Every structure is written in C-alpha cells, then in structure tokens.
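Novice:
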Amino acid sequence: MSESDLHAIDLGDDDYNDNIATAATTSAAAAAATSDDDDTINNLIQEAENLMHDLDTETDKIAASGRSNSDVEIVDVGMTTGAFSIDDDDDDDTNGLIVRDPLATPLPPAIPAETNGTLKTMTITTTNEVDDHPLSEVQLSSSGGPTNAATGSVMQSIFTNGASAAMSSMQSQMNQHFHHNMSASGGGSASGGGTPVSMDVLTKTTSKFASNLASMAQRGIAQVAAATAPVTPVNVVGGPNMPSQQQSHLSYNGGPTPAMTGTAAIYPSAAAATGIPTNQPAGGGNASNDLDKEQKAALLKEHVGDLLPGERIIMFLSNLLHVSDTSGASFVASQSQDGTMWCCVMTYYRLLLFSTSKRSGKVDPPPGWDPDCWPDPPSSSTKLLEMPLASMDRVEKLVYQAAGSSYMGLVVHGKDCGRNIRFTTPSYADTGRAFDSLNTYAFPGRRNLGYLFAFESKRQQVMASIKIVESTGQQTITIPPTPKRFDPMTEYPRLMQATSITQSPWALWASVNSTYLLSPSYPSVLVGPASLDETKPESLNVIRQCAAFRSEQRLPSMSWCGVGGSSIWRSSQPKVGLQGNRSSADELYIRHISESARGANAMAEPPPVYPRSILQQLTGDANRDWVPEPGCGLKILDLRPRSSAMANRTAGYGYENTSNYSNTTLQFCNVQNIHAVRDSYQKLCSICNSESTSDVHWNSLVEDTKWLGHVRTILASAWETAYWVHVWRMPVLVHCSHGWDRTSQTVALAQLLLDPYYRTRHGFGVLVEKDFMSFGHPFHLRSAHGEGRSDVKNNSQSSPNDEGQISPIFLQFLDCVYQIVQLYPNAFEFNLDYLLEFSFQIYSCRFGNMLCDTEREREVLAGIRQRTYSIWDYLESNPDYTNKDYVERPGVLLMPLPTLLRNVQLWKERHCRFSPKPTILEGSFDNRKVLQ
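FYI, my numbering numbers position 811 of the sequence shown as 1167, with every residue one higher than the one before it.
#1: Can you check DSSP and say which residues form a bridge with methionine 702?
#2: Answer with buried or exposed for cysteine 729, where buried requires no fewer than 16 other C-beta atoms within 10 angstroms of its C-beta.
#3: If leucine 888 sits next to valine 881, beta carbons under 8 Å apart, how far is it from one beta carbon to the other, in whole angstroms?
#4: State the Cα-Cα distance for the pair alanine 960 and glutamine 817, rounded to the nearest angstrom.
#5: Could you spell out the range, first to last residue, of the alpha helix (DSSP H) harbouring tyrosine 1242?
#6: Can you confirm whether proline 967, when its beta carbon is compared against all beta carbons of chain B, has any partner nearer than 8 Å?
#7: Assign arginine 968 to buried or exposed, taking buried as 16 or more other Cβ atoms, counted over all protein chains shown, within 10 Å of its Cβ.
#8: With 16 as the cutoff for other CB atoms within 10 Å, does glutamate 985 come out buried or exposed?
#9: Using only alpha-carbon positions, find the residue among Cys1041, Gln1038 and Ser923 that is nearest to glycine 989.
#10: Using DSSP with H/G/I as helix, E/B as strand and the rest coil, what is glutamate 470?
#11: With DSSP run on the structure shown, which of helix, strand or coil describes phenylalanine 1270?
#12: Mapping the DSSP letters down to three states, classify cysteine 917 as helix, strand or coil.
#13: Can you name the start and end residues of the alpha helix (DSSP H) that tyrosine 1174 belongs to?
#14: What do you reckon, are the CB atoms on proline 1164 and tyrosine 1037 nearer than 8 Å?
#15: Could you name the residues of the same chain whose beta carbon sits closer than 8 Å to that of leucine 676, not counting the 5 residues immediately before and after it, in chain order?
#16: For the beta strand (DSSP E) holding asparagine 776, just list the boundary residues, first then last.
#17: Is the beta carbon of threonine 1077 closer than 8 Å to that of alanine 1106?
#18: Among residues of its own chain, excluding the 5 on either side of valine 919, which ones have a beta-carbon nearer than 7 Å to its beta-carbon?
#19: Going by beta carbon distance, what residues of the same chain come within less than 8 Å of valine 1260, once the five residues before and after it are set aside?
#20: For serine 852, does the three-state DSSP call read helix, strand or coil?
#21: Buried or exposed: which applies to threonine 703, given that a residue is buried once 16 or more other Cβ atoms fall within 10 Å of its Cβ?
#22: On the DSSP bridge list, what partners appear for alanine 810?
#23: Quick one: what's got a C-beta closer than 7 Å to serine 1195's C-beta in the same chain, skipping five residues either side?
#24: Give the DSSP bridge partners of isoleucine 833, in chain order.
#25: Evaluate valine 1124 with the Cβ neighbour count: other Cβ atoms within 10 Å of its Cβ, from every protein chain shown; 16 or more gives buried, anything less gives exposed.
#26: What are the start and end residues of the beta strand (DSSP E) that includes proline 885?
#27: Can you give the Cα-Cα distance for histidine 1133 and cysteine 902, rounded to whole angstroms?
#28: Identify, in the order they occur along the chain, each residue of the same chain with its Cβ nearer than 6 Å to the Cβ of glycine 1121, setting aside the five sequence neighbours on each side.
#29: From leucine 647 to alanine 785, what does the alpha carbon distance come to, in whole angstroms?
#30: Buried or exposed: where does isoleucine 418 fall if 16 or more other Cβ atoms within 10 Å of its Cβ makes it buried?
#31: First and last residue of the alpha helix (DSSP H) that includes serine 895?
#32: Taking 8 Å as the limit between beta carbons, can you name the residues of its chain near leucine 808, skipping five residues before and five after?
#33: Please go through the same chain and pick out, in chain order, the residues whose beta-carbon is closer than 8 Å to the beta-carbon of methionine 748, but skip the five residues on each side of it.
#34: Using the beta-carbon count (16 or more within 10 Å), is glycine 349 buried or exposed?
#35: Out of curiosity, what's the CA-to-CA distance linking lysine 991 and isoleucine 946?
#36: By the three-class DSSP mapping on this structure, what secondary structure does valine 932 have?
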C-alpha cells in the first residue's frame, strides 16, 4: 500500500499521533505547575515526543515498502451500490450531496478523506448487530486497551534513576512489544520481504502503544506531583469553613448528605489533576468493563428510559470523573461522598450522560422563604444531559479547568444555543475511543447523509418492505409514504375558492415544472395567472424566459390568494446587472399578474373604506399615507436593504426598475442577510450562556445583539405584506436575493396573519411545508446536517465555504411566530410548547422533514416520506402541544403594527434554556426536563 493510501484511510495518521503527544504534553505541563521537579517533567515530555517520532518513522518505513494489504479495500463512494447523488443548487457550494441509501448493506461510516481529488472510504462488511460495528462497544473493548505490564518498573525508575532513564526503559519495552507484534503477524523488517503486515495489527499496535505512552506519562506526572507537594490543609466539602457560595455548586446526588465538620490535612488529589480516578487499577483499563451488559441495560432503563425506535447503543462508559455543561450542572467524582456515578452512553441518535442518583436533588428553602422564589441549583437537580449527534458542531479533546482542577477530556460543542458539554472518562484510552466515535457518527459528511438517525430509525421497517420487481429485477420499497401536509392539488383550490368570483384569475400549472427542469428548487406544481396557459407554446415560452431572467430560475409564483385579486407572490431577484438588462417576458409576466388582479377586484365586492384615523392607528405612522399610489396595480417588496440590492448588480443581479414594469411600485424592507442573522445569534447565545453577563444591563445587552431588531424587521415586513393584501386587495410580489430565506419567512408570517386555517396545528404544518420545504428553503445548507466545524484536527467534514452558509433562518421564523402567539395565544390551536419542541428538532435529524434542500431532493432522490418519520405526526400526537383555550375565529389577525413591534421580547424558554443563571420563571417551563 502506498503512503498516500495509508494516510487516506486515517490509520497511523500523523495528526492522530500529534494529538496524543500534545495531550500528554498538556497534561504534563498542568501537573508540573504544582511540582518542584520541573526538569524531571520536561525530560519526561521530551522523551515522550522522541518516542512518538520513532513510531512515525516505523510507520513511514512500512508504508514506503510498497506492500499491499488484502484486508483493506478502498472503493469510490460514488460507485458503491446504494449511493445516489443530490445536486446542490446553492451557487456558493459546488460540492455534490450524496445520501447513502439505507436499503443497501450499511458501510461503517468511516470518516471520508480526500485523496487525489476523489473521495475514498474504507469498506468493511457489517451485520445488523450493533456489536459487529467497528466502533461498537464490543469491538472497541476487544481492540486492545492499554497494557500496563511495565508500569511498576517504569514508575519506580522515575524516582530512583530520573526521568531519562525511566523513559529509556519504557521506550525499549515498547519497541520490543511493537516488533514482537509485527513478527507475530508474519511481517519482516521494514525493508525486508516476507508476508505483508496486516493493517489491523498495525492499527492495534499503534493504538496500544499511544495509549500506554499517554497513560504512563500521566501516572508518572501524578506520582511526581504527589511526592513533592506539601501537605496542605483544605476545607472538607460541606464543612463549616466552606463559603456558602461554593456549597451551592456541589451536589450530593443519591443518599443523605454526609455529615462532615471541621478541616482535614490531605494531599492534593493527583487523580483529579490528571484525569485518573483513585479507584482506577494501575493498568488504566476501561472502567466500563466493570459493568456487564445486563447491568448497563438496567442502568439505562432506570435513569433514561426507553430508547427510540432504531436507537441502539454504540458506546457505554461508566465512572466518569467529571461532567458539566453550559447550564451550570457539574459533577466531580472526587468530591462525591455518596457513591453517585455518572455514565456516558452514545447511541445512533444522541449522546447521553446520566447520573445514578435516586435523590430528587431539590434543596428546600429555609423557613420564611417563598418556595416560588427559591432557586433550583442545576448541579443538584440535573440528572440527565443529552445532545443529538446531528446537533453537534465540533468535538474537542483537550485539557480544561473545572471545579478547581485540570481535566483531560472531551468538550462537545452544539450548533444550537451555543451549548457545550464537558466530560472526562476514567482512562485516556476511553477518551480516544469516545472522541473517534463521536466524530465518526456525528459528522458523516455531505456524502453520507444516509447515516443520519432519521434514516436509521426506520431502517428495519424499510428493509422488511423491500420487494423485487419481476420485470426489472430491481428492489423497491413498498412501505407507504407518510401523508404530505401540503398537497398543492388540495390547498390551492381551497385558496382559489376564496376569491368570491365565478372564475379565479389564477391557474394551477401541473406540468411546466413537473420534472423540476424549469426550476430545480421550486415545487413541481406552481400557480400563475390564468391568462397564461401552460399548454400553449406562446405562454410556455414566456414562462421559461421569465424563469431564465430570475436568479436560480425562481420566477414569480403565487403562494396565497384571498378575495378578488388579493394575493401573495414570491420569486428571486432579476438579472438586471450593471448594464440594466431587461426581459420583455419578465415584464409581460408581471403585467399579467397586475391586470388579472385588477379584473378580479372589479368583479368582486368592493372592499370597505377605512377612515384615515383608523389607518394611522393601524400603521402607527402619521407621516406616511398608507394608500396605493395612483395607478398602482402591484406592490413589489424587496426585503433587502437598498445598498445590498444595488451591490448585487455588480454580480449580474439587482432589482426591478419600475419604469420598465408598468403600474408597479418598489419598496425596500431592510431585512438583513444570513450572515448578519448568524452573527446576532452567536452574540445572543454568548450573553445568555455567560456567567459574567451583567444582569443590570440585561435588556440593553440583548438589544445590542440585534437579534430582536431582526425579528422586528421581519415582522414589520410580514405585517406590511398582509396590510396591502387585505386592506387594499393588491397583489404583492415579495423577494430577496435567491428567494428562499427572507422571502420564505415574510410570506409565511403574512399568511399566518391573514388565514385562520394556518393557525391550526394541521394548517401550520401545511404552511411550513408549502413555503419552506416545497419552495426550497435550504435546510441542509443552513443547518449543516451531518457536518461539523471545519477543523482538520477533529476530522470534521464541512468545508470552509459551507460554514459561511450556516444560519438559523428557520429558528428565526419560529421566533417570529412565538411573538405573535404570546400576544394572542387563544387564536392558535398549538401552544408555545409546540413551538419550543419544534425549534429543538431543527438540528436533531430525528425526523426527515427538514433534511435536504428542495422538494426534488426529498421526493425524488431521498424518498424522505418513505424512509423517515414525520415531525407532524410526532407533534400532533402529543396532547401537551395543544392549546386547550383555542377559540376558532374567522378573519385576519392584523393587529396595530406598534402593538406587534413594541411587544417583541426575548424567547427566554428557547434562548436561555441552557443559561447558568436562573432566567425563566419557575413553573413556566422546566428548563432541565429534557436537555436535548
């Protein structure tokens, strides 16, 4: 095997070895700070680095020998049976999107690596049993943990002969062990002939060697620190001399709090400082092996509950040394006096950390204290922490400070709420296994989306439904797809009946984009002016030329219609450019919409006449006449700031010149782009999750993030759209740049104000499916499903270009819906808990509705409705998400604009869910009920 192939499959990778050497170096430096023997520690680190360099030299020799390995097969993912391609329509990212077909025999989701421009991965035969998976608990346990036969002699040598002599002894033993394994596998010398060295043997030898080295170095440092540190009197946990502020952060989970008084003279815990438990055997083996399979299942059943369908365990670790998260929950094993244990479980869906404590953990208030005002410390009340794998942003293996000690463990950063979870395993080997497992399953990459849990949860049902077509011999899934909430052949006729005229001015176009060739990011069924017949060549030519003049071929298409000609249309920006390009077909298309609406208004009953005083109260603007300009037949709302729209002309795009589009007016709405939204959300998460955030200036700090300002701007644009449509019965064309982010938000919110059907549970699902999913909001691109932060050290799969496209656009839409619901809760059949649960499923990839970017990808290529569960079934089946006080009221929900904007507030239950400070009122929502 060539050297490039050796690095391509990530075996014996230099980065992996560098990580281990760096981790050992960092741990040594942390312990050396408390030791007087700095020279001994530095020599120990230098010897470790030299020894690691020797290992790299041995690996390079084997790779340079050119020997092949029949145990490893490299294949092209694109040629593997069961893989299918999904085109990425975003012009900022040209990478193809391949969804692994879950019907095919599942490949182990080995982290792909780019080799010579072609994606490669390692193919290993697997079965349906999770124990057979190369990263399952059984396989990891049997792969060979760190051996410690030489521990005693090496540790003794540190104190008798110095660090250099000890490391020389350890190096000699490791080299002998390495060459012994190589010889046992049939391999000769690095340059000689003989039987090819098995890659599996090389991998296990490398893993054993690196784990042994790091474990021995840590124990050596700990013993040096313990031997040289003076005896120090410290406060015993819970003693009278400990400040009450510190006691509030300690937990006694499970059993009565031990009575401890006074102070004691104890040595500083070397185990806590280095991440090695005091009850850990000298060999540093896997602590999870202390529990058998039945015990692990019983613990999981008792403290977590039943797993989801298709959710199987990949990894189980017990006796964690430290656990903490953003909310302030913290557990330190060395400070636990009641035998409480925290366990780490990784499944195909999520990472679980749970406590075995059976106590409620709630601290009762002292006499005379109102219980509603008494805080609930997260350190004592939190028994379960969880994070879906798909919602992870990155996983880091580093040394961090917690509870006054240094720990070497994992820090898991989430995409949502700026949350992170930190935990330390009983041994360095367990840390490496957890790190590799999380990076493999949480970040399968764009080309392996079939490994997301949404597919895995239903895989057994899908496999059982496979039938072979006799005529073609191909396999076909026979399981019926889940019903669509949005059926264009049902929803659009419902809307057209509201025009209150004999013949609707709008018509369904069922064939013009049926194959998604006209506009790949649009739905297959469109609605346009009835005066353009899609079956006639002349009209079809106008439609196609209009689509060609719009960005991403997203021509104006109707999304909603009401009485007469009142209607909402959506599109993308025109291709005007610096030269001021024009399209006669696009101008004719807009004229058809305007004239059709005018004719429909003439046949319908005239709208009410509103006094000027009423309009001023509605709009809150006495300086502007909110009446159509004379002769205006269509309103164009460009959601971008004027400066952004003008800047896009340099790229060949721009905005409509109303002198070319007769009877139209243009208005800019100043809604910011995805980059401004992402930056504001990151700032909001930062102040919500920071312990140092000033509470006195809380409101001003929230406003400084501009998150609420963005929400107000979107609500104002949606309100104005609904105003022109309802009050003046005008057709309104809404667009931004591509017409799939800000446009989807504004159009959907306007319909929520106009149509009471969309304020029901079923209707809200129809609205989201129609204006976000069918009209091509790029859920995958904005949420980075299956991708993490671009970081080579972490083996993450996203590219730097993708990272700039991530933005919480759909979360921002739900935040806007929250603002309306909290103002008029009885007007909605669903409640705030419905929105809250919906918002936390955006990144979870538990359901398939928000996977992929377009309707074409979901329906044609990925088969989402057959292969995944629906979030609508989940939300509508839970009675807790139903508003029991809902009162069905016909008519619009068009409140005065100042009432809407001046009551915008922070969605605390969402954005402060993991805040370390008590922000949510007690009883409004259980902040730590389910941390996912």
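Glycine included, C-beta positions come from ideal geometry on N, C-alpha and C.
None of the values given here were measured: they were computed from a predicted structure.
Specialist: So, from the data block:
#1: Mapped onto the sequence shown, residue 702 falls at position 346. For methionine 702, which the question treats as bridged, DSSP gives the partners Met671 and Leu707.
#2: The residue you call residue 729 lines up with position 373 of the sequence shown. By the neighbour-count rule (16 or more Cβ atoms within 10 Å), cysteine 729 is not buried but exposed.
#3: Along the sequence shown, read from residue 1 onward, the residue named residue 888 stands at position 532. Along the sequence shown, read from residue 1 onward, the residue named residue 881 stands at position 525. At roughly 15 Å, the Cβ-Cβ gap does not stay under 8 Å, so leucine 888 and valine 881 are not in contact.
#4: Position 604 of the sequence shown, counted from the start, is the residue given in the question as residue 960. Position 461 of the sequence shown, counted from the start, is the residue given in the question as residue 817. In a straight line, the C-alpha of alanine 960 is about 52 Å away from that of glutamine 817.
#5: The sequence position of residue 1242 within the sequence shown is 886, counting from 1. Neither: tyrosine 1242 is in no alpha helix (DSSP H) and is coded neither H nor E.
#6: Of the protein chains in this structure there is only one, and it is not chain B.
#7: Taking the first residue of the sequence shown as position 1, residue 968 is located at position 612. Classification of arginine 968: exposed, given that the 10 Å Cβ count is below 16.
#8: For the purposes of this step, residue 985 is taken as residue 629 along the sequence shown, with counting starting at 1. So glutamate 985 ends up on the exposed side.
#9: If you number the sequence shown from 1, residue 989 lands on position 633. Considering only alpha carbons, the answer is Ser923.
#10: Your numbering for residue 470 matches position 114 in the sequence shown. Here glutamate 470 scores only 38 on pLDDT, less than 50, and its place in the model is too uncertain to base an answer on.
#11: Within the sequence shown, the letter at position 914 stands for residue 1270. Looking at phenylalanine 1270 - three-state DSSP - the assignment turns out to be coil, as it is neither helix nor strand.
#12: Within the sequence shown, the letter at position 561 stands for residue 917. Cysteine 917 falls in the strand class under three-state DSSP.
#13: Residue 1174 sits at position 818 when you count from the first residue of the sequence shown. Here the alpha helix (DSSP H) through tyrosine 1174 covers 1165-1179.
#14: As a working mapping, residue 1164 is identified with position 808 in the sequence shown. As a working mapping, residue 1037 is identified with position 681 in the sequence shown. Yes, Cβ-Cβ distance for proline 1164 and tyrosine 1037 is below 8 Å.
#15: Within the sequence shown, residue 676 is the residue found at index 320, counting from 1. The residues are Phe687, Ala689, Met697, Trp698, Cys699, Cys700, Leu709, Phe779, Thr780, Thr781 and Pro782.
#16: Numbered from 1 along the sequence shown, position 420 holds the residue referred to as residue 776. Run containing asparagine 776: 776-780, per the beta strand (DSSP E) assignment.
#17: For this step, residue 1106 is matched to residue 750 along the sequence shown. For this step, residue 1077 is matched to residue 721 along the sequence shown. Yes, they are a contact pair.
#18: Taking the sequence shown and counting its residues from 1, one reaches residue 919 at position 563. These residues qualify, in order along the chain: Ala854, Thr855, Ser856, Ala960 and Arg1085.
#19: Working through the sequence shown from its first residue, we reach residue 1260 at position 904. So the list reads Leu1064, Val1067, Arg1068, Leu1071 and Gln1175, once near-sequence residues are dropped.
#20: Indexing the sequence shown from 1 puts residue 852 at position 496. According to the sequence provided, residue 852 is methionine. The question's serine does not apply to it. Residue state, collapsed to three classes: helix.
#21: Position 347 of the sequence shown, counted from the start, is the residue given in the question as residue 703. It counts as buried.
#22: Your numbering for residue 810 matches position 454 in the sequence shown. Alanine 810 pairs with nothing; no bridge assigned.
#23: Within the sequence shown, the letter at position 839 stands for residue 1195. Answer for serine 1195: Leu1167, Leu1170 and Arg1266, listed in chain order.
#24: Locating residue 833 in the sequence shown gives position 477, counting from the first residue. In DSSP, isoleucine 833 forms a bridge with Ile822.
#25: Along the sequence shown, read from residue 1 onward, the residue named residue 1124 stands at position 768. Under this definition valine 1124 is a buried residue.
#26: Residue mapping note: residue 885 aligns to position 529 of the sequence shown, counting from 1. Segment 882-885, the beta strand (DSSP E) holding proline 885.
#27: Mapped onto the sequence shown, residue 1133 falls at position 777. Mapped onto the sequence shown, residue 902 falls at position 546. Computed Cα separation, rounded: 21 Å.
#28: Indexing the sequence shown from 1 puts residue 1121 at position 765. Excluding residues within five positions, the ones whose Cβ falls inside 6 Å are Arg841 and Trp1228.
#29: Here residue 647 corresponds to residue number 291 of the sequence shown, with the count starting at 1. Here residue 785 corresponds to residue number 429 of the sequence shown, with the count starting at 1. C-alpha separation (whole angstroms): 17 Å.
#30: Start at 1 with the first residue of the sequence shown, and residue 418 comes out as number 62. Below a pLDDT of 50, predicted positions are generally treated as unreliable, and isoleucine 418, at 48, falls in that range; the measurement from the model is reported next regardless. Buried.
#31: As a position in the sequence shown, residue 895 is number 539, starting the count at 1. Its alpha helix (DSSP H) spans residues 893-904.
#32: As a first step, residue 808 is located in the sequence shown; it is residue number 452 there, counting from the start. Excluding positions up to five away in sequence, the list reads Ala746, Pro800, His1141, Gly1142, Cys1201 and Leu1207.
#33: Start at 1 with the first residue of the sequence shown, and residue 748 comes out as number 392. If we look at methionine 748 and ignore the five residues flanking it on each side, its Cβ neighbours are Leu707, Val768, His769, Gly770, Lys771, Leu794, Ala798, Phe799 and Gly1144.
#34: Since the first residue shown for the chain is 357 and the last is 1288, residue 349 is missing from the structure and cannot be characterised.
#35: Locating residue 991 in the sequence shown gives position 635, counting from the first residue. Locating residue 946 in the sequence shown gives position 590, counting from the first residue. C-alpha separation (whole angstroms): 11 Å.
#36: On the sequence shown, residue 932 is found 576 positions in, with the first residue counted as 1. Valine 932: coil per DSSP, three-state reduction.
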